[in-house]
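Peer 1:
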Amino acid sequence: MKLKYLILISLLSLSTVGIVSCTKQVSVSSISSQSQESDAEKNYDEGQKYLLGEEVTQDYVKAFKLIKEAADAGLPIAQNNLGAIYMNSLGVKQDKEKAFYWLEKSANQNFAEAQYNLGIMYDQGFYVQKDHEKALELFKKSADQNFAAAQFNLANAYLHGNGIAKDEKKALELYEKSADQNFAKAQYNLADIYLDGSDEVPQDEKAAFELYKKAAEQNLPEAQYNLGLMYERGLNANARYWYSKSLENGISQAEEALKRLNE
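All residue numbers in the sequence shown are consecutive under the working numbering, ending with 1123.
Given below as structure tokens:
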């Protein structure tokens, strides 16, 4: 019996990852005085603690107040996160118009996560009319700054010719850059390409295995299932573990695979 690997179904839209907030520290170049900069960063840092529940009890209301103060002061990372708060209804009613407003302000300061998030809004038609060309433009700006999720989405577009000239070589380059940052879906898609081989890369099951394993360890269920299949051809004990993990995470085919191991 030939074992069938799972392939992630590509959505018609470019984006496969939702609006994201950022937790990293950045320098502030958009605020004029040192005292203002310190106040904005302090408010942002405190707001993030409340948003994530780090060192304090999670409190979205306090997080919103502090992050908004930092965003009003011009801090791009705060503007991005405020947009994500409005989009994801964290302590406030969802407001796509305000989400767009703050993400655009941050993106205009060349903040990579905001460029990615704004691309999501254009791609999905959140508040604005769907515009795949604009989404691609924003994903490219973000990808050029090495933001992994944007690199993944842009790679998908190049691989399938979705709104852009099909270019497998560019797709592979972007998948590799994203996968090198441990982005699970990029690792998975790259593994699929290595598993079958293509005009750009020779078949390499060892490389596919390593990439599936990295993605599986990040709890990507499709990777867990495919890793189980690869182990089934060798070590059944490991196959059973990864099939079980993928079943726990919603891959129904894993139930049949587990039965097959017990035959």
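Quick reminder that beta carbons are idealized off the backbone N, C-alpha and C, glycines included.
Is the beta carbon of Gln-975 sitting closer than 7 Å to the one on Ala-967?
Peer 2: For this step, residue 975 is matched to residue 115 along the sequence shown. For this step, residue 967 is matched to residue 107 along the sequence shown. Yes. Within cutoff.
Peer 1: Assign Ile-1024 to one of three DSSP states: helix, strand, or coil.
Peer 2: What you label residue 1024 is simply residue 164 of the sequence shown in a count that begins at 1. The answer is coil: DSSP assigns Ile-1024 none of H, G, I, E or B.
Peer 1: Pick helix, strand or coil for Phe-1043, following the three-state DSSP scheme.
Peer 2: Translated into the one-based positions of the sequence shown, residue 1043 becomes position 183. DSSP places Phe-1043 in coil when its eight states are reduced to three.
Peer 1: Under the criterion of a Cβ to heavy atom distance below 6 Å, does Ala-972 qualify as lining the ligand COA?
Peer 2: Looking at this structure, you won't find the ligand COA or any other ligand, since it has none at all.
Peer 1: Using only alpha-carbon positions, find the residue among Val-952, Asn-977, Asp-1056 and Leu-950 that is nearest to Trp-962.
Peer 2: On the sequence shown, position 102 is the one that residue 962 refers to. Looking at the Cα atoms, Asn-977 is the closest of the given residues.
Peer 1: Smallest Cα separation from Ala-1075: which of Lys-1105, Asn-1042 and Asp-932?
Peer 2: Numbered from 1 along the sequence shown, position 215 holds the residue referred to as residue 1075. Comparing Cα positions, the closest option is Asn-1042.
Peer 1: Three-state secondary structure (DSSP) at Asn-1016?
Peer 2: Position 156 of the sequence shown holds residue 1016. If DSSP states are grouped into helix, strand and coil, Asn-1016 belongs with the helices.
Peer 1: Please return the same chain residues whose Cβ sits closer than 8 Å to the Cβ of Leu-1121, not counting the five positions on each side in sequence.
Peer 2: Residue 1121 sits at position 261 when you count from the first residue of the sequence shown. For Leu-1121, where only same-chain residues beyond five positions count, the Cβ hits under 8 Å are Glu-1092, Asn-1096, Ala-1099, Arg-1100 and Tyr-1103.
Peer 1: On a CA-only basis, which of Ala-959, Leu-1032 and Leu-926 is nearest Asn-940? Give me that one, please.
Peer 2: Residue 940 sits at position 80 when you count from the first residue of the sequence shown. Of the listed residues, the one whose Cα sits closest to Asn-940 is Ala-959.
Peer 1: Taking the C-alpha atoms as reference points, what is the distance between Glu-1116 and Tyr-1072?
Peer 2: To locate residue 1116, count along the sequence shown from 1; it is residue 256. To locate residue 1072, count along the sequence shown from 1; it is residue 212. Each residue's Cα considered, the two are about 20 Å apart.
Peer 1: Pairs of beta-carbons, one from the segment 1063-1070 and one from the segment 1013-1033, closer than 8 Å: are there three or more?
Peer 2: no
Peer 1: Could you round the C-beta distance between Ala-1017 and Leu-996 to whole angstroms and report it? I think they count as a contact, below 8 Å.
Peer 2: Working through the sequence shown from its first residue, we reach residue 1017 at position 157. Working through the sequence shown from its first residue, we reach residue 996 at position 136. Their Cβ separation, rounded to whole angstroms, is 6 Å, which keeps Ala-1017 and Leu-996 in contact under 8 Å.
Peer 1: Please report the Cβ distance between Gln-989 and Pro-936, rounded to the nearest whole angstrom; I am assuming they are in contact, meaning their Cβ atoms lie under 8 Å.
Peer 2: Residue mapping note: residue 989 aligns to position 129 of the sequence shown, counting from 1. Residue mapping note: residue 936 aligns to position 76 of the sequence shown, counting from 1. Rounded, the Cβ-Cβ distance is 25 Å, inconsistent with contact.
Peer 1: Hey, would you say Tyr-1085 sits closer than 7 Å to Ile-1111, going by beta carbons?
Peer 2: By 1-based counting over the sequence shown, the position of residue 1085 is 225. By 1-based counting over the sequence shown, the position of residue 1111 is 251. Against a cut-off of 7 Å, the Cβ pair of Ile-1111 and Tyr-1085 comes out as a contact.
Peer 1: Mapping DSSP to helix, strand and coil, what is Ile-1111?
Peer 2: If you number the sequence shown from 1, residue 1111 lands on position 251. Coil at Ile-1111, not helix or strand.
Peer 1: Kindly indicate the opening and closing residues of the alpha helix (DSSP H) around Asp-1004.
Peer 2: For the purposes of this step, residue 1004 is taken as the residue at position 144 of the sequence shown. Here the alpha helix (DSSP H) through Asp-1004 covers 992-1004.
Peer 1: Beta-carbon within less than 7 Å of Glu-964's beta-carbon, same chain only, minus the 5 sequence neighbours each way: which residues are those?
Peer 2: Numbered from 1 along the sequence shown, position 104 holds the residue referred to as residue 964. Leu-978.
Peer 1: So, with DSSP's three-state summary, where would you put Leu-1071?
Peer 2: Counting from 1 along the sequence shown, the entry for residue 1071 is found at position 211. Here Leu-1071 sits in helix by DSSP.
Peer 1: So for Gln-1170, helix, strand or coil by DSSP?
Peer 2: Past the boundaries of the shown model lies residue 1170; the chain is included only from 861 to 1123, so the question cannot be answered.
Peer 1: Using a 10 Å radius around the Cβ and a threshold of 16 neighbouring Cβ atoms, would you call Ala-923 buried or exposed?
Peer 2: Position 63 of the sequence shown holds residue 923. Its Cβ being crowded by 16 or more others within 10 Å, Ala-923 is buried.
Peer 1: Just to confirm my understanding: we take Ala-1007, look at its own chain, exclude 5 residues before and 5 after, and list those with CB closer than 7 Å. What are they?
Peer 2: Looking up residue 1007 in the sequence shown gives position 147. The sequence shown places Phe at residue 1007, not Ala. Taken in chain order, the residues that qualify are Ala-972, Glu-973 and Tyr-976.
Peer 1: Following the continuous alpha helix (DSSP H) through Val-921, name the residue where it begins and the one where it ends.
Peer 2: Position 61 of the sequence shown, counted from the start, is the residue given in the question as residue 921. Here the alpha helix (DSSP H) through Val-921 covers 920-932.
Peer 1: Please report the straight-line C-alpha distance between Asp-919 and Leu-912, rounded to a whole angstrom.
Peer 2: Sequence index remark: in the sequence shown, residue 919 carries index 59 (1-based). Sequence index remark: in the sequence shown, residue 912 carries index 52 (1-based). If you take the alpha carbons of Asp-919 and Leu-912, they lie about 8 Å apart.
Peer 1: Quick check on this structure: which residue in Gly-1094, Met-1090, Lys-1119 and Leu-1080 has the alpha carbon closest to the alpha carbon of Ser-1106?
Peer 2: As a first step, residue 1106 must be located in the sequence shown, where it is residue number 246. Of the listed residues, the one whose Cα sits closest to Ser-1106 is Leu-1080.
Peer 1: Suppose you measure from the CA of Ile-945 to the CA of Lys-956; what does that come to, to the nearest Å?
Peer 2: In the sequence shown, residue 945 corresponds to position 85, counting from 1. In the sequence shown, residue 956 corresponds to position 96, counting from 1. When rounded, the distance between both Cα atoms is 10 Å.
Peer 1: So, for Gln-908: in the same chain, excluding its five sequence neighbours on each side, which residues have a beta-carbon less than 8 Å away from its beta-carbon?
Peer 2: As a working mapping, residue 908 is identified with position 48 in the sequence shown. Excluding sequence neighbours, Gln-908 sits near Thr-883, Glu-914, Ala-923, Ile-927 and Asn-941.
Peer 1: Alpha carbon to alpha carbon, how far is Lys-1000 from Gly-1088? Give it in angstroms, no decimals.
Peer 2: Counting from one through the sequence shown, the residue named residue 1088 turns up at place 228. Counting from one through the sequence shown, the residue named residue 1000 turns up at place 140. About 35 Å.
Peer 1: Hey, out of Lys-1026, Glu-1036, Asn-1022 and Gln-1078, whose CA is closest to Ala-1044's CA?
Peer 2: Position 184 of the sequence shown, counted from the first residue, corresponds to residue 1044. It is Gln-1078.
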